[in-house]
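Asker:
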Amino acid sequence: MLLPIFRESKGKKGRISIQTNAKFYRSWELMAGQALHFHTLAPNIQVKMPVTSAGVKAIEESTAQGVSVNATVSFSVPQALAVADAVQRGLDRRREAGEDVSEMSPVCTIMVGRLDDWLKITAEKSGVSIDPGYLEWAADYHEDQVTIVYDTMWKATRRMAEHIAQGIRQERPSTTVKIYNAAISDKNDVITEVFKSKGVIVGSPTINRGILTSIAGLMEEIKGLKLQGKVGAAFGSYGWSGESMAQIEELLKQSGFSILIEGTKVLWQPDEKGLNTCIEFGKSYAKAL
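Letter by letter, the sequence shown follows residues 981 to 1269 of this note's numbering.
1. Alpha carbon to alpha carbon, what distance is there between Thr-1020 and Met-1199?
2. Could you give the distance in angstroms between the alpha-carbon of Arg-1073 and the alpha-carbon of Ala-1044?
3. So, do the region 1009 to 1029 and the region 1184 to 1204 have three or more beta carbon pairs nearer to each other than 8 Å?
4. How long is the line joining the alpha carbons of Ser-1235 and Lys-1206, rounded to whole angstroms?
5. For Ser-1123, report the span of its beta strand (DSSP E) as first-last.
6. Which residue's Cα is closest to the Cα of Val-1049: Glu-1079, Glu-1076, Met-1011 and Gly-1078?
7. Which first and last residues belong to the alpha helix (DSSP H) in which Glu-1198 is found?
8. State whether the region 1214 to 1230 contacts the region 1169 to 1179, with contact taken as three or more CB pairs (one from each stretch) at a distance under 8 Å.
9. Whole angstroms is fine: what's the gap from Ala-1064's alpha carbon to Met-1029's?
10. Assign Glu-1229 to buried or exposed, taking buried as 16 or more other Cβ atoms, counted over all protein chains shown, within 10 Å of its Cβ.
11. I'd like the ranges of any beta strand (DSSP E) spanning at least 3 consecutive residues and lying wholly in the region 1061 to 1104.
12. Return the Cβ separation of Val-1246 and Ser-1217 in integer angstroms, given the expectation that the two are a contact with Cβ distance under 8 Å.
13. Under 6 Å Cβ to Cβ from Gly-991, same chain only, skipping five residues before and after it: list those, please.
14. Using the Cβ count rule (16 or more neighbours within 10 Å means buried), how would you classify Ala-1077?
15. Taking all protein chains shown into account, do 16 or more other C-beta atoms lie within 10 angstroms of the C-beta of Ser-1177, making it buried, or fewer, making it exposed?
16. Using three-state DSSP, classify Met-1225 as helix, strand or coil.
17. Under 8 Å by Cβ, that's how I've got Ala-1213 and Ile-1181 pegged, so tell me the actual separation to the nearest angstrom.
18. In angstroms with no decimal places, state the Cα-to-Cα distance between Asp-930 and Gly-1209.
19. At a cut-off of 6 Å, would you count Lys-1233 as near the ligand MN, judging by its Cβ distance to the nearest heavy atom?
20. With DSSP as the reference, label Met-1140 as helix, strand or coil.
21. Could you pull out every unbroken beta strand (DSSP E) segment of at least 3 residues lying fully inside the region 996 to 1035, listed in chain order?
Listed below in structure tokens is the structure:
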């Protein structure tokens, strides 16, 4: 029944998944060996393997041998990225060996529904009062919106935020762009907008080789939410050392955000050239979304 679809789509559809033995989850050799066996059963087999440490190794080895994998027991962005890297390494090895990969169709199944269920049960058992919508939003929810959050000492980062927003609006007129000063905005309002946003840009001046406390506190709360599928970026101003931008980028990464472009920073107050750089940064960020 599925084989005609498989052949017509050249391997992209019409596959049937078969799972490796769950007892093998700690042994990449056993999983890869079973995957190769399953691969011989029919041309449209897709082999499911868990995204454990051993599973990631088995995924690479099986892919290099021509097996189309279905990565499962995957609940997080880091797991999915590990799968992507393993599959890419396997495909590269297969190409280098002169083998065909045109009809291979590896996939990664992110089990978001089960994670949602676990979060709801955990919140209930812990007596945590939480907006039910937050749990749905955490499962890779986003609107066509970019939220820019900053704090400032001498208005440099405020001006940068405004011009970054200008660049985003010029490049993506349909995208909603909202700007919040973390020091004077309601924290819950800011976090709600971060939840809703596809993109989040955070800025702070450098102070004592670090970032302002309002931004540090906000990022700590966002980190605990383990958001998925959002694109982050950083900006900042500085007088001497300029560490704030790199520190914010690291906090965004720890919070599960993808960093697709390098941030931007200016010395002291941004002049006309600096503000134009911010506009172009906004445009580049919008293109990366």
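Backbone N, C-alpha and C define an ideal beta-carbon position, used for all residues, glycine too. Keep in mind it's a predicted model, so treat the numbers as computed, not measured.
Answerer: Concretely, from the data shown:
1. One C-alpha to the other measures close to 49 Å.
2. If you draw a straight line from the Cα of Arg-1073 to the Cα of Ala-1044, it is about 6 Å long.
3. With fewer than three CB-CB distances shorter than 8 Å, the region 1009 to 1029 does not count as touching the region 1184 to 1204.
4. Their Cα atoms are separated by approximately 6 Å.
5. What sits at residue 1123 in the sequence shown is Glu, not Ser. Element bounds for Glu-1123: 1123 to 1130.
6. Ranked by Cα distance from Val-1049, the options Glu-1079, Glu-1076, Met-1011 and Gly-1078 are led by Met-1011.
7. The question names Glu, but residue 1198 in the sequence shown is Leu. First-last of the alpha helix (DSSP H) with Leu-1198: 1193 to 1205.
8. No: fewer than three Cβ pairs fall under 8 Å.
9. Roughly 14 Å between the two C-alpha positions.
10. With a 10 Å radius around the Cβ and a threshold of 16 neighbouring Cβ atoms, Glu-1229 comes out buried.
11. As for any beta strand (DSSP E) of minimum length 3 sitting wholly inside the region 1061 to 1104, the runs are 1087 to 1090, ordered along the chain.
12. Taking the Cβ atoms as the reference, Val-1246 lies roughly 5 Å from Ser-1217, within the contact range of under 8 Å.
13. Answer for Gly-991: Glu-1083 and Ser-1085, listed in chain order.
14. Residue burial annotation: Ala-1077 is exposed, with fewer than 16 other C-beta atoms found within 10 angstroms of its C-beta.
15. Counting the other Cβ atoms within 10 Å of the Cβ of Ser-1177 gives 16 or more, which makes it buried.
16. The answer is helix: DSSP assigns Met-1225 an H, G or I state.
17. About 5 Å; that satisfies the 8 Å criterion.
18. Any question about residue 930 goes unanswered here, given that the chain covers just 981 to 1269.
19. Looking at this structure, you won't find the ligand MN or any other ligand, since it has none at all.
20. If DSSP states are grouped into helix, strand and coil, Met-1140 belongs with the helices.
21. The beta strand (DSSP E) runs lying completely inside the region 996 to 1035 and spanning 3 residues or more are 996 to 999 and 1025 to 1030, given in chain order.
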